[in-house]
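The next block holds one structure in the form of structure tokens; read it before the comments.
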Amino acid sequence: MTRKRLAALREGESGSPESFRGDTYDTPAQAVAAHRPLPHSGSRTIILDGLLGVGTKGLLREPIRAIARELNAVRLEKNAVVVAVDLPSGLNGDTGEVDPDSVMADFTVTIGFAKHGLIADSAIDFVGRLVVLPLPDLEVGGARNEVIATAPTLARLVPRRKFGAYKNQFGRIGVVAGSKGFVGAAILTAKGVLRSGGGLVELFVPEDIYEIAAAAAPPEVMVKATRGYKDLAEVKMDVWAIGPGLGTAHGARIRDLIARVEQPMVVDADGLNVLAEEVDVLSRCRGPRLLTPHPGEMQRLVAPGKMTRAGLARSFCERFPVTLLLKGSRTVVAQKGQPLSFNSTGTPGMAKGGMGDVLTGVCAGLIGQGMSLYDAARVGAWLCGRSAEIALVEGGETELTLLPSDVLNNLRHAFIELEIGSTL
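If you read the sequence shown in our numbering, its first letter stands for residue -3, the second for the next number, and so on.
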């Protein structure tokens, strides 16, 4: 009976919840799987997956396997939204191992705290957007080596301004970015600083693109020309952001700048690419460094071997005295002495050029307001991911049309949610 009902849903048969009153089922699984479209409201069908619980291990067995397979087919053919309760059926909550027919959820709502398996690399495509529903009365014994960055856990980190505040209290941030053909990266980074609360922003660009950058930059940004970057080490800034669109022509000078500057620095994009040529520079930096690589840049910095993303991040921060923000689905933030932090926000629509430039600016702006590099990385990743989600839900964008500028424009809404400690 269960498979017949799912087949009817695939064929578009209409119905209402009332039409199934009085039905009987041979097993609880049949009752759970008796899905029907929502009443004709024009909304997408939502399927709740609660077939199996957190203690389930091993491969799926019949009839659960057939039900899970049919559920996945309905999701694809009817563009339905699947919400898993606690964890997708077929996923091992301890290890992250997945059955080939595991339910592929768009959202997973987990209770209390995130189970280890939910943040495993193998689980990413099956878990989807991870939502943690906290239970204040539930105590988890001992210190945790892994945490999930959520609005309630990050809210206390957002600096609250005193009424008598003035701009110099929120950082003078120097952005070293841009080259011929890549002016946009510099502008997005500078805007990220502004939109995250940075007090003053100075954008340093090569002389040959100065006029273009000055014309493209918002009026709040001071644009300055630099000749070969050799003069920047003596410039007084509170925070630096370096790398977006920079190019690698002046690799030696950029590495020297990364090593010599005593102030906190966010290093991204071509800043990372020039470091990859001599990565041991990170062992002799005079100030704290936050690195924000995407998977390709991380692979150039260090050969990943067979390590997981979490293992790679932890190992890198054991080797070098840096904070690492490893971008991607379930962004990982690592720092020696701190628990690994996994981001809970974001969308596949963020897989687009320019998103990392915005994140670099946001992190630099937060550091300028007094956040530690570890906290700024966690908050910055959450803000950008949540802003992207808001652009999809409220801004009418799709995963295909989402742009970095949409993330910038919706940061204000993400900040509001973070300040109250809850997603609206």
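Every residue gets a Cβ at the ideal spot worked out from N, C-alpha and C, and that includes glycine. This structure is a prediction, so every number in the text was calculated from the model and none was measured.
Under a 10 Å Cβ-count criterion, residue 168 is classified as buried, with 16 or more other Cβ atoms of the shown protein chains found around its own Cβ. When the beta-carbon positions are compared, residue 56 and residue 95 come within less than 7 Å of each other. When C-alpha distances from residue 60 are compared across 80, 89, 97, the shortest belongs to 97. Here residue 341 is near residue 381, since their CB atoms are less than 7 Å apart. By the Cβ neighbour-count rule, residue 130 is exposed, with fewer than 16 other Cβ atoms within 10 Å of its own. DSSP places residue 178 outside both helix and strand once states are collapsed to three, so it counts as coil.
A residue is called buried once 16 or more other Cβ atoms fall within 10 Å of its Cβ, and residue 162, having fewer, is exposed. Per DSSP, the unbroken beta strand (DSSP E) holding residue 142 starts and ends at 142 to 145. Around residue 309, the same chain offers 320, 322, 328, 330, 336 as residues with beta carbons nearer than 7 Å, after the five sequence neighbours per side are excluded.
Residue 358 is positioned such that its CB atom lies no closer than 7 Å to that of residue 124. Pairing residue 279 with residue 263, the inter-Cα distance amounts to about 15 Å. Between residue 92 and residue 119, the gap from beta carbon to beta carbon is short of 7 Å.
Residue pairing of residue 261 in beta bridges, as defined by DSSP: 236, 285. The three-state reading of DSSP puts residue 81 in strand, counting E and B together.
Secondary structure in the region 376 to 413: no beta strand (DSSP E) run of 3 residues or longer lies completely within the stretch. Using a Cβ distance threshold of 7 Å, residue 195 and residue 166 count as a contacting pair. When the beta-carbon positions are compared, residue 128 and residue 115 stay at least 7 Å from each other. Sequence-distant partners of residue 164 (beyond 5 residues in either direction) whose C-beta falls short of 8 Å from its own C-beta, in its chain, are 195, 196. Minimum Cα-Cα distance from residue 334 among the listed residues 314, 79, 63 corresponds to 314. Taking residue 400 as reference, the option from 180, 339, 86 with the minimal CA-CA separation is 180. Assigned with DSSP and collapsed to three states, residue 326 falls in coil, not helix or strand. Fewer than three Cβ pairs drawn from the region 374 to 391 and the region 244 to 261 lie within less than 8 Å of each other, which leaves the two stretches out of contact. DSSP places residue 47 in the coil class of the three-state scheme, outside both helix and strand. Collapsing the DSSP output to three states places residue 274 in coil.
Contact between residue 212 and residue 183 is confirmed by a C-beta separation of about 5 Å, below the 8 Å threshold. Within a 10 Å sphere around the beta-carbon of residue 394 sit fewer than 16 other beta-carbons, which makes this residue exposed.
With contacts defined as CB atoms closer than 7 Å, residue 171 and residue 199 qualify as a contacting pair.
Under DSSP, residue 318 takes part in no beta bridge, so it has no partner. Residue state for residue 345 is assigned as helix, using DSSP reduced to three classes.
Unbroken beta strand (DSSP E) stretches of 3 residues or longer found wholly inside the region 190 to 257: 196 to 202, 217 to 222, 235 to 238, given in chain order. Per the coordinates, the alpha-carbon of residue 345 lies some 8 Å from the alpha-carbon of residue 397.
A contact is defined here as three or more CB-CB pairs under 8 Å, and the region 268 to 286 meets this definition with respect to the region 242 to 258. The continuous alpha helix (DSSP H) containing residue 68 extends over residues 60 to 73.
With respect to the C-alpha of residue 117, the residue from 70, 214, 108, 302 having the closest C-alpha is 302. A straight-line Cα-Cα distance of about 25 Å links residue 325 and residue 416.
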